[in-house]
Amino acid sequence: MIKDFNFYAPTRVVFGRESEKKIGELVAANGGKKVLIHYGGGSAQRSGLLDVVREQLHGAGIAFCELGGVVPNPLLSKVREGVELCRAEEVDFILAVGGGSVIDSSKAIGYGVPYDGDVWDFWAGKAVPVQCLPIGVVLTIPAAGSEMSSSCVITADEGLLKRGINSDLCRCRFAVMNPERTFTLPPYQTAAGATDIMMHTMERYFSKYEDMSLTDAISEALLRTVKESALVVMRHPEDYRHRAQIMWAGSLAHNDLTECGTEKDFATHRLEHELSAIFGVTHGAGLAAIWPSWARYVKDKHLNRFVQFAVNVMGVTNDFSHPEETAECGICAVEEFYRQIGMPTSIHELLGREITDEEIDTMVEKCSRGGTITVGAMEVLDAQAMRDIYLMAR
Ligand code: NZQ
Ligand code: ZN
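Residue numbers (the numbering used here): 1 to 394.
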């Protein structure tokens with residue numbers, strides 16, 4: 001079966017060395033007259049990128065104000081600060097300089113500025129966004145894919161609730177991507193980014209809609225490429241060619257291209273969001289800690305898919321008479337890859353300690369919203385299944 005689809009990817013991608021030099025003209029072309037430059041904890045300042053951005057806007061005669069300090073797993077409190085600043089300064093365009101956290105914080109501010117109520121209403125399910133300020137991105141870490149996605153993931157400081165919402169309104173107008181800007185990434189962030197990129201495509205590849213072979217081929221090529229390039233850049237962080245593969249893959253993995261004809265599962269993501277909300281862990285590392293257990297939990301009902309993945313992505317030899325062993329070898333190969341790039345394969349490895357029964361109870365409670373919702377699509381998981389997977393992953 002092939003699922004019907006409606007593919008929309010409106011973001012202009014300006015890719016390559018010195019692509020930052022296009023920022024001024026890109027903002028002007030998108031009507032920006034007063035810009036908020038939004039950034040994180042200091043990497044963009046240290047690398048000199050922020051100076052380039054300021055020069056670009058000056059050069060184009062565009063006024064701007066600034067707000068830094070976005071933390072990984074971005075917080076609602078910073079979004080609120082941004083909404084107030086944008087209103088006071090009459091900002092009409094937001095320029096995110098950073099990764100998924102900065103982009104999502106920018107998207108949330110973009111939703112909040114034209115909205116009369118409390119911006120968290122959108123994540124609390126009390127309102128649906130109908131407007132968003134235009135957003136542009138200067139990407140510094142390939143990982144979340146937010147530069148081309150419709151998602152915006154925010155954590156409410158009180159209660160540490162991490163939630164995502166989707167809307168085409170927040171799709172970025174442009175994304176400037178210079179792979180050289182990723183040379184400074186610490187190995188852990190590089191590895192977590194590669195893991196997240198692969199997972200965005202795996203969450204769509206593992207689907208009960210198995211007949212769109214073109215999408216499968218794109219997904220398999222993307223997964224093999226990121227795997228191979230990640231191994232290279234872990235040893236050679238300034239390898240432009242391989243940094244470029246990962247950067248482009250990061251956008252394609254989450255702009256819905258690899259969902260054409262298939263269906264989003266995203267159970268691993270939903271299970272992970274509770275880990276990064278409560279423990280503040282890096283999102284990609286949290287995914288690595290969960291996925292092998294999710295895979296083993298669901299694989300017997302979807303053996304063909306797991307065999308195809310093992311053979312076409314992980315390079316496992318197909319043992320036609322024992323498909324369950326081929327499938328298991330594919331999962332083991334993913335775990336081996338995670339170990340090679342320094343990612344965990346369990347919650348214990350992720351946190352450096354045993355997770356308690358009470359902590360698992362809390363994660364199940366939050367992920368299932370008190371037992372009222374399920375997650376996943378290829379295999380629908382209720383609260384008991386979530387608990388089983390957390391216990392397998394512990
Ligand atoms: O804050 P600074 O100093 O900039 O440091 C950042 C941060 O500590 C650092 N970094 C970024 N670029 C760098 C750099 N360090 C050195 N050199 C550079 N060039 O990297 C750290 C992580 O940055 P962050 O933006 O948090 O990473 P990522 O892109 O992985 O974003 C993670 C967030 O995105 C959400 C995640 O849940 C998490 O909150 N996601 C968003 C999605 C979306 N909107 O579509 C989908 C994803 O599945 C994900 O859930
Ligand atoms: Zn992700």
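For glycine and all other residues, C-beta sits at the position ideal for the given N, C-alpha and C.
query                                                                                                                                                                 : result
Quick check: what's the CA-CA separation for Arg339 versus Val316?                                                                                                    : 17 Å
When you get a sec, list the residues whose CB is within less than 6 Å of any heavy atom of the ligand ZN, chain order please.                                        : Ala144, Asp196, Met199, His200, His269, His283
For the putative contact between Val27 and Ile62, defined by C-beta atoms under 8 Å, what is the C-beta separation to the nearest angstrom?                           : 6 Å
Does any heavy atom of the ligand NZQ sit closer than 7 Å to the C-beta of Asp104?                                                                                    : yes
Among the residues of its own chain, which have a CB less than 7 Å from the CB of Ser149, if the five just before and after it don't count?                           : His254, Asn255
Counting along the chain, where does the beta strand (DSSP E) carrying Met400 start and finish?                                                                       : With the chain covering 1 to 394 only, the question about residue 400 has no answer from this structure.
Return the chain-ordered list of same chain residues with a C-beta closer than 8 Å to the C-beta of Thr345, the five sequence neighbours on each side being excluded. : Ala288, Ala289, Pro292, Glu335, Tyr338, Arg339
Between Ile103 and Gly136, what straight-line distance do the alpha-carbon atoms span, to the nearest angstrom?                                                       : 9 Å
Which residues does DSSP list as the beta-bridge partners of Lys34?                                                                                                   : Ala63
Tell me the rounded alpha-carbon separation between Arg396 and Asp51.                                                                                                 : With the chain covering only 1 through 394, there is no way to say anything about residue 396.
Just to confirm the assignment, what range does the alpha helix (DSSP H) spanning Arg235 have?                                                                        : 213-235
What ranges does the beta strand (DSSP E) occupy inside the stretch 128-204, keeping only unbroken runs of at least 3 residues that lie completely in it?             : 135-139, 151-156, 161-166, 174-177
Pair every Cβ in the stretch 211-231 with every Cβ in the stretch 174-188, then say whether three or more of these pairs are closer than 8 Å.                         : no
Would you call the CB atoms of Leu76 and Ile165 closer than 8 Å?                                                                                                      : no
Is DSSP giving Ala285 helix, strand or coil here?                                                                                                                     : helix
Quick check on Ile373: does DSSP put it in helix, strand or coil?                                                                                                     : coil
For Asp118, which option in Val53, Glu81, Met247 has the closest C-alpha, if you only look at C-alpha atoms?                                                          : Glu81
Thinking C-beta only, is Glu272 closer than 8 Å to Gly286?                                                                                                            : yes
Do you know whose CA, among Gln189, Val138, Cys170, lies nearest Val13's CA?                                                                                          : Val138
Tell me the rounded alpha-carbon separation between Glu354 and Tyr390.                                                                                                : 12 Å
How close, in whole Å, do the beta carbons of Leu160 and Ile37 come, if the pair is a contact with beta carbons under 8 Å?                                            : The Cβ separation is near 28 Å, so there is no contact.
Between Gly31, Arg17, Phe206, His322, which has its C-alpha nearest Glu379's C-alpha?                                                                                 : Phe206
Ser101: which of Ala124, Asn73, Val128, Leu381 sits nearest, CA to CA?                                                                                                : Asn73
Compare the C-alpha of Ala44 against each of Glu66, Gly31, Val35, Ala29 and name the closest.                                                                         : Glu66
Taking Arg387 as the reference, give the member of Thr372, Leu133, Thr362 with the closest Cα.                                                                        : Thr362
Am I right that Met343 and Ala192 are in contact with their C-beta atoms under 8 Å? What's the rounded C-beta distance?                                               : 7 Å
In whole angstroms, what is the alpha-carbon distance linking Gly376 and Arg171?                                                                                      : 24 Å
Does the ligand NZQ have a heavy atom nearer than 7 Å to the CB of His236?                                                                                            : no
Just to confirm before moving on: does the CB-CB distance between His283 and Ser276 stay below 8 Å?                                                                   : yes
Please classify Ala9: does DSSP put it in a helix, a strand, or coil?                                                                                                 : coil
Reducing DSSP to helix, strand and coil, say where Phe206 ends up.                                                                                                    : coil
Of all the options Asp168, Asn30, Met198, Val79, which has the alpha carbon lying nearest to the alpha carbon of Ala156?                                              : Val79
Does Ala295 come out as helix, strand or coil in the three-state DSSP assignment?                                                                                     : helix
Candidates Arg369, Gln384, Ala383, Leu381: which alpha carbon is nearest Ala124's?                                                                                    : Arg369
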